[in-house]
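Asks: Residues in the sequence shown are numbered from 1 upward in steps of one, following UniProt numbering. The beta-carbon is built from N, C-alpha and C at its ideal position, and this holds for glycine as well. Bear in mind that the values here come from a model prediction, so they are computed numbers and not experimental data.
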Amino acid sequence: MGLQSQASAGPGTITIITATHNRPDALRLAISSVLNQTHANWRLLVVGDHCDPRTGAVIAAFGDPRIHYVNLPHRCGEQSGPNSVGMALARTPFTAFLNHDDLWFPDHLETGLGRLDEEKADFFAGRAAFLETGAAETDDLVISDVTPDDRSLAGAFVHTPAYFEPVSTWILRSEACRRVGPWRASTELYRTPLEDWVLRAWRTGLKLVGEERVSVIKPRLLARLAADVKAYDRHPPGLDRIADDITRAPDQVRSGIASWLLDRSVDGQPGGFDYRADGGELHARAARMLTPASAEDFHRTGLDVMDRVCRDSGQACGHVLRWALGRRTGEELPERPALTTLLEAARAQLQADFGDA
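#1: Determine, using beta carbons only, whether S80 and A243 come nearer to each other than 8 Å.
#2: Please work out which residues of its chain come closer than 6 Å, Cβ to Cβ, to R234, disregarding the five sequence neighbours upstream and downstream, and give them in chain order.
#3: So T95 and L172 are in contact, right, with Cβ under 8 Å, and what is the actual spacing, rounded?
#4: Kindly indicate which three-state DSSP category G48 falls into: helix, strand or coil?
#5: Which class does A128 belong to by DSSP, given the choice of helix, strand or coil?
#6: What residues are listed by DSSP as bridge partners for R43?
#7: Could you please give me the residues that DSSP links to W170 through a beta bridge?
#8: Would you kindly work out how many angstroms separate the C-alpha atoms of D64 and V214, rounded to a whole number?
#9: Using the rule of at least 16 other Cβ atoms within 10 Å of the residue's Cβ for burial, across every protein chain shown, is D122 buried or exposed?
#10: Less than 8 Å between the CB atoms is what I'm expecting for L325 and G77, so what's the real figure, rounded?
#11: Could you tell me the alpha carbon to alpha carbon distance between D304 and V158, rounded to whole angstroms?
#12: Is it buried or exposed for G355, if we count other Cβ within 10 angstroms and need 16 for buried?
#13: Beta strand (DSSP E) containing H68: first to last residue?
#14: Taking the CB atoms as reference points, tell me whether E132 and R220 lie closer together than 8 Å.
#15: Out of L333, R327, G238, state which residue places its alpha-carbon closest to the alpha-carbon of C317.
#16: Assign L262 to buried or exposed, taking buried as 16 or more other Cβ atoms, counted over all protein chains shown, within 10 Å of its Cβ.
#17: What first and last residue would you give for the alpha helix (DSSP H) that runs through S144?
#18: Leaving out the 5 sequence neighbours to the left and right, which residues in its chain are closer than 7 Å to T92 when beta-carbon positions are compared?
#19: Quick check on the burial criterion: 16 or more other C-beta atoms within 10 angstroms. Buried or exposed for Q351?
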């Protein structure tokens with residue numbers, strides 16, 4: 001595809017959906033990684049989860065007509081609402097997602113769109129390197145994990161929720177998104193909304209394609225600062241440097257990741273996407289009961305043994321994201337407003353601000 005000139009403010013080839021809530025410094029870097037893409041025929045739709053004015057100010061400062069912003073009138077506390085709104089508003093052949101604190105390598109869109117075309121696939125899931133940015137004052141990449149390059153939609157059934165994380169690795173045909181449907185709220189699910197969407201994609205029959213090269217950086221600062229609920233507002237040390245590195249020297253960054261993977265491949269330990277690698281009663285039960293046989297039962301019937309695993313362990317629907325939101329911001333997970341309400345508000349904002357809904 002090659003480097004393209006800036007596209008017009010029209011719909012473009014691909015809609016990028018970024019769900020955000022009050023992380024303006026991180027959002028600035030995420031948007032910059034979109035602007036650095038070799039495929040420039042995109043439209044970025046930032047969907048605020050009831051954000052304060054700082055988010056709008058960061059977006060306005062870019063002054064790029066391809067970037068649109070809607071701020072939802074109600075807090076969802078999770079991505080399922082903003083992502084579903086963004087999917088419904090997309091009117092391009094392809095849809096991608098980018099978390100507000102993740103970063104794309106410059107060739108991410110070009111690579112994913114190329115792979116979808118080559119394989120006539122519906123769903124591209126690239127690879128991400130998870131970085132411990134809290135320790136990034138050194139010159140070394142502090143890598144905690146890298147997503148497997150041999151993922152399958154069926155594999156999401158037996159692996160941890162992180163198996164298809166982050167959503168920033170995803171590029172889909174928009175028609176395929178419509179076939180699977182909106183993201184379900186976490187309060188309706190024992191699994192995470194992301195897991196649920198991937199498993200529905202499997203049952204819908206989407207064709208998945210991947211790529212060996214890493215094209216996404218996923219910072220992990222907040223997990224290390226669980227005792228400080230204000231950590232959500234903290235800009236991770238070294239994140240600006242990492243963003244600069246993947247723009248100026250992507251091959252060097254990938255070389256460092258490849259070296260880490262080579263070292264990891266000889267230690268023989270299950271990675272962070274395997275229930276055996278983590279302790280606790282819930283994960284022990286999951287490791288025993290989430291088997292290829294129970295996966296096939298789910299694919300045939302839609303009955304998920306993970307529901308039983310969670311109930312037997314005393315977990316309620318939404319337990320993962322309730323825990324995560326509490327650690328990040330100290331909030332209780334709210335009931336998600338009706339999607340029709342959120343979508344009506346978003347369309348009204350787009351029409352008022354851009355003449356486009």
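Replies: Looking at the atomic coordinates:
#1: Here residue 80 is taken as the residue at index 80 of the sequence shown, counted from 1. Here residue 243 is taken as the residue at index 243 of the sequence shown, counted from 1. No, Cβ-Cβ distance for S80 and A243 is not below 8 Å.
#2: As a first step, residue 234 must be located in the sequence shown, where it is residue number 234. Cβ within range, chain order: n/a, list empty.
#3: Indexing the sequence shown from 1 puts residue 95 at position 95. Indexing the sequence shown from 1 puts residue 172 at position 172. Contact between T95 and L172 is confirmed by a C-beta separation of about 5 Å, below the 8 Å threshold.
#4: Counting from one through the sequence shown, the residue named residue 48 turns up at place 48. Strand at G48.
#5: Taking the sequence shown and counting its residues from 1, one reaches residue 128 at position 128. The answer is strand: DSSP assigns A128 an E or B state.
#6: What you label residue 43 is simply residue 43 of the sequence shown in a count that begins at 1. Per DSSP, T15.
#7: Indexing the sequence shown from 1 puts residue 170 at position 170. Looking at the DSSP assignment, W170 forms a beta bridge with A125.
#8: For the purposes of this step, residue 64 is identified with residue 64 of the sequence shown, where counting begins at 1. For the purposes of this step, residue 214 is identified with residue 214 of the sequence shown, where counting begins at 1. Counting only the Cα atoms, V214 lies some 27 Å from D64.
#9: Within the sequence shown, numbered from 1, the residue matching residue 122 stands at position 122. Counting Cβ neighbours within 10 Å, D122 comes out buried, since at least 16 surround it.
#10: Residue mapping note: residue 325 aligns to position 325 of the sequence shown, counting from 1. Residue mapping note: residue 77 aligns to position 77 of the sequence shown, counting from 1. Indeed they touch by this definition, with Cβ atoms about 5 Å apart.
#11: On the sequence shown, residue 304 is found 304 positions in, with the first residue counted as 1. On the sequence shown, residue 158 is found 158 positions in, with the first residue counted as 1. CA-to-CA, the gap between D304 and V158 works out to about 11 Å.
#12: Taking the sequence shown and counting its residues from 1, one reaches residue 355 at position 355. So G355 ends up on the exposed side.
#13: The sequence position of residue 68 within the sequence shown is 68, counting from 1. Unbroken beta strand (DSSP E) run through H68: 67-71.
#14: Sequence index remark: in the sequence shown, residue 132 carries index 132 (1-based). Sequence index remark: in the sequence shown, residue 220 carries index 220 (1-based). The answer is yes: Cβ separation under 8 Å.
#15: Here residue 317 refers to the residue found at position 317 when the sequence shown is read from its first residue. Closest option to C317, judged by alpha-carbon separation, among L333, R327, G238: L333.
#16: Residue mapping note: residue 262 aligns to position 262 of the sequence shown, counting from 1. Exposed, by the Cβ-count rule.
#17: Looking up residue 144 in the sequence shown gives position 144. For S144, there is no enclosing alpha helix (DSSP H); the enclosing beta strand (DSSP E) covers residues 143-146.
#18: Counted from its first residue, the sequence shown places residue 92 at position 92. Excluding residues within five positions, the ones whose Cβ falls inside 7 Å are P11, G12, T13, I14, T15, R43, S174.
#19: In the sequence shown, residue 351 corresponds to position 351, counting from 1. Exposed, by the Cβ-count rule.
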